[in-house]
Every structure is written in C-alpha cells, then in structure tokens.
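J.: When you line the sequence shown up against our numbering, it's residues 951 to 1353, in that order. Backbone N, C-alpha and C fix where the C-beta goes; we use that ideal spot for every residue, glycine too. Mind having a look at this structure? Questions to follow.
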Amino acid sequence: MKKTLLLLLIPIAVGLGIWFLRHKAEPPKVPFAKATRAALSNTLSTNGKVEPFEFIDVRVETRGLVKRLLVHQGDTVRSGQVLAELNQPGLAEDLAASEARVASARAEVETLETGGRSADRAELEGNVNRLKGQRAAAQSNLESLQRLLELKATTPHEVQLAKQAVADLDVQIQSLEQRQKSLVGKGDVESAQAHLREAQANVQLARTRIGQNQIVAPMSGTVYDLPARAGAYLNPGDPVCSIGKLDPVRVRVYVDEPELGRVSPGESVRITWDALPGKEWFGTVEKRPTQVVALGSRQVGEVLSTIANPNHELVPGTNVNAFILTQVVKNALSVPKTAVRHESGVGVYLLQKDNTIEWRPIKTGVSDALRVQAESGLQEGDMVAQPSDQPLRDGMKVTPVLQ
C-alpha cells in the first residue's frame, strides 16, 4: 500500500518541481504607461476670501430710532433710494416755527424797503396834509390883511402876525416831510435783511435734519450686509448697511510665500465654494501682493483677482477655494507622475524591444495633478514603468503589462 502511494506521489512532485522552475524563470510582470502629448497646465491650489469689487458702508449722521427699514439683505438698490427712516421727535415743529419766522422777517424787509409801516406813513401824510390846509388858510388871511393894510384898514402888526403864522406852518410841514424821508434808515433795512437770512438758515437746518432721518443709498448695488434693525436706536456713525457691486467680485487669494514667484497679473483663476459643490467661477489675477503677512501659521501674499459673478452667488466674506493657472504648455510630451523616480537623479525605467528595462534620466517641466512634462530624455510612444511590487533595476527582464 505504501509502495503504491509513493508511486503516485512521485509524478506529482516532479510536476510541481517543473512548474516551480518554469514559474521562477518567468520575468516579473510590470505595468507600463505610454509617453503621450497633451496640453498640461500648472495649477497653484490655495484658498481665498470674497470681497465686493466696489462698496460703501452706509452710516447715520444723526441719532434716532429706526422707524422703518425698507430693504432686506440681498436686495438690489439704486442710488438715492430710501433704505431706512429714523424717528426724531420735534423736527416738524421746529421746521414750522422756522418757516413762520422767515415769513415775519420777509414781511418786515418788504415794509422797510417800501418806506416803513403803512400806519406810520398814513399818520405822517395826514398831518402834512392838515398843516398844508392850515397854511393855505393862513396864506389867504395874510393876503387879505396885506390888501387891507394898503387901504389903511388894518395895522402892520396884524400883517406881521399873519406872516409869522404862515412861517410857523412852513416849518412844521418841512419837519414832517423830513420825518417821512427818514422814517426808514439804511441800517434798519440791513438789520431786517440779516434777520431774514438767519431765519432762512434755520429753515434749511431744520429741513436738513429732517432729511437726515431718511437714509438713502449713496450708490447703486446690492445690500450685502444689514446690521440695522427696525426699532433699534442708532447714534451718529452707527452702520445701517453695506452696499457693493457684486459682479464682478474681488477675491483675495492667499498664496504661500514660496509660491509667489509663480503668480503674475493676467493669469487665469478658477474659484470653487464648498457650499455650492459643482459650481465654478472664473477670472484673472489683478494684482500681485506688495507685502507678505501672517495668516495663522502661514506666511502669505494676498493676490487680488477679479472674478465674474453674474448671478451674485458669491457673497462677500465667503471663504473659497482658489486655483491659479500659473503655466500652460500645449502639446507637451508627458508621462504619469507615478512613473518618475528619484534614484540616480530624476528618471524613468524605459521598456526596450527585448522586454528589458533601461534607466533613462529625464528633465521634467510643467505638471498637473496626474502627469508631468518630460522636456528631454523621452520620445512620444515610449513605454515607462509604473510602480509595482517588484524592485526594478537597469537591464532587468520584465513581462510588460500595458495600461
């Protein structure tokens, strides 16, 4: 029995030995990728913050209670549009009193410019006319006495008394006429005009204070921040809202100091926002930084970029992802990044016609997330070894697996 079992096991062992020897002699399988030509772009990935391209912070100029808030955050407003109304008691009454003082001062000026008050002028004119009537009678009496004196029917003394009466009336008439001319002096008119100007200034001040109760938009744009609330009490300088132009927006891109040399104005920028996955916004680098600042544990330059935002989806203050396209090479000869090794310098293992591999130094150029440009050392169509479990060496025989 044992002899029979032994005879059965011998062929199996021989077969296994032959298979093992053949398998051991078979070259290891190694995956290979082809060197191909395509457009490669070098992208710098970082983060940034959205800002309005142009903005104004609207603040109150006078204290008061927010009576009405007429806009909401996100509203589009036009220049001059009323945003809010404040309630400040007593302003309407102050305006009415000031307007009344203007009317009184204007009437005073008009009265003085026409010669004085009508009652005063009428009284003087009446007195002048009365005295003129008395003088006419006195003059007639004088003339009668002078005729009687010629007839020796009266005395010279009576004639002299009549002349004196006419002279006295002339003096009185002249005095009243002089009073008529000096009823209003130049200084009186100027003083009344000054009072009128003061009253008009008070009216303008009251209207300005009432106007300050209406908070209006100083520019057209979008209300992107609205700290004011209806019923809140505001002091001078307190913010009502912020208005900005949101298409385009400015993105302040934070670039680490060692990478700043790769950034130039005009380079393309792509923006993504984690809150809206799948959405992308595009623009260009506007300005390189003028200084390096600390951002947490990083030293960064703040690169300004202009980004199109037609639907106003990017909101000021938003933290976004930024990708700056720093270099583009069209028709670049490239290989997978995983094929490039750093052993005796930078190079790849190149597949030969006899299925051996050869170490080939290369010079790399632009790279993206998956591929790197081979500026020298390779030709289009060359097969380069990808990583495998088998250690590779120059001249080694392999079984290529094309990917």
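Classify Gly-1295: buried if its beta carbon has 16 or more other beta carbons within 10 angstroms, exposed otherwise.
T.: Working through the sequence shown from its first residue, we reach residue 1295 at position 345. Its Cβ having fewer than 16 others within 10 Å, Gly-1295 is exposed.
J.: Using a Cβ-Cβ cut-off of 7 Å (strictly less than) and excluding sequence neighbours within five positions of Leu-971, which residues of its own chain qualify?
T.: Here residue 971 refers to the residue found at position 21 when the sequence shown is read from its first residue. Residue placement at Leu-971 cannot be trusted, given a pLDDT of 48 that sits under 50; the coordinates are not used to answer.
J.: DSSP on Arg-1291, reduced to helix/strand/coil?
T.: Along the sequence shown, read from residue 1 onward, the residue named residue 1291 stands at position 341. Residue state, collapsed to three classes: strand.
J.: Could you check where the beta strand (DSSP E) with Thr-1314 kicks off and where it finishes?
T.: On the sequence shown, residue 1314 is found 364 positions in, with the first residue counted as 1. Looking at the DSSP string, the run of the beta strand (DSSP E) that includes Thr-1314 is 1313-1317.
J.: Quick check for students: name the residue ranges of the alpha helix (DSSP H) that lie wholly in the region 1086-1133, counting only runs of 4 or more.
T.: 1106-1131
J.: Per DSSP, what kind of secondary structure is Leu-1020 in: helix, strand or coil?
T.: Position 70 of the sequence shown, counted from the first residue, corresponds to residue 1020. When secondary structure is reduced to three states using DSSP, Leu-1020 falls in the coil class, being assigned neither helix nor strand.
J.: Name the residue from Gly-1076, Lys-1017, Tyr-1204, Asp-1025 whose alpha carbon lies nearest to the alpha carbon of Gln-1249.
T.: Translated into the one-based positions of the sequence shown, residue 1249 becomes position 299. For Gln-1249, the nearest C-alpha among the options comes from Tyr-1204.
J.: If you run the structure through DSSP and keep just helix, strand and coil, what is Trp-969?
T.: Here residue 969 corresponds to residue number 19 of the sequence shown, with the count starting at 1. With a pLDDT of 48 at Trp-969, under the threshold of 50, the modelled position of that residue is not reliable, and no figure is offered here.
J.: Decide if Asp-1339 is buried, meaning its Cβ has at least 16 other Cβ atoms within 10 Å, or exposed.
T.: One-based indexing of the sequence shown puts residue 1339 at position 389. Exposed, by the Cβ-count rule.
J.: Answer with buried or exposed for Ser-1247, where buried requires no fewer than 16 other C-beta atoms within 10 angstroms of its C-beta.
T.: Counted from its first residue, the sequence shown places residue 1247 at position 297. Ser-1247 comes out exposed.
J.: Looking at the strands, I want to know which residues DSSP matches up with Gln-1277.
T.: By 1-based counting over the sequence shown, the position of residue 1277 is 327. Asn-992.
J.: By the three-class DSSP mapping on this structure, what secondary structure does Gln-1340 have?
T.: Residue mapping note: residue 1340 aligns to position 390 of the sequence shown, counting from 1. Note: Gln-1340 maps to coil in three-state DSSP.
J.: If you drop the 5 nearest sequence neighbours on each side, which residues of the same chain put their C-beta closer than 7 Å to that of Thr-1026?
T.: Position 76 of the sequence shown, counted from the first residue, corresponds to residue 1026. So the list reads Thr-1172, once near-sequence residues are dropped.
J.: Could you check what DSSP says for Ala-1244 in three-state terms: helix, strand or coil?
T.: As a position in the sequence shown, residue 1244 is number 294, starting the count at 1. Ala-1244: strand per DSSP, three-state reduction.
J.: Can you tell which of Gly-1187, Val-1116, Val-1000, Glu-1100 has its C-alpha closest to the C-alpha of Ala-1088?
T.: The residue labelled residue 1088 in the question sits at position 138 within the sequence shown. Nearest of Gly-1187, Val-1116, Val-1000, Glu-1100 to Ala-1088, Cα basis: Val-1116.
J.: With DSSP as the reference, identify every bridge partner of Gly-1076, one or two as the case may be.
T.: Here residue 1076 refers to the residue found at position 126 of the sequence shown. In the DSSP output, where bridge partners are listed per residue, Gly-1076 has none listed.
J.: On the three-state DSSP scale, how would you describe Glu-1049?
T.: Translated into positions along the sequence shown, residue 1049 becomes position 99. DSSP places Glu-1049 in helix when its eight states are reduced to three.
J.: Compute the distance between the beta-carbons of Ser-1255 and Gly-1233, then report whether it is under 8 Å.
T.: Within the sequence shown, numbered from 1, the residue matching residue 1255 stands at position 305. Within the sequence shown, numbered from 1, the residue matching residue 1233 stands at position 283. Yes; because the gap between Cβ atoms is below 8 Å, this pair is in contact.
J.: Would you say Ala-1149 and Arg-1080 are within 8 Å of each other, going by their C-beta atoms?
T.: For the purposes of this step, residue 1149 is taken as the residue at position 199 of the sequence shown. For the purposes of this step, residue 1080 is taken as the residue at position 130 of the sequence shown. Not closer than 8 Å, so no.
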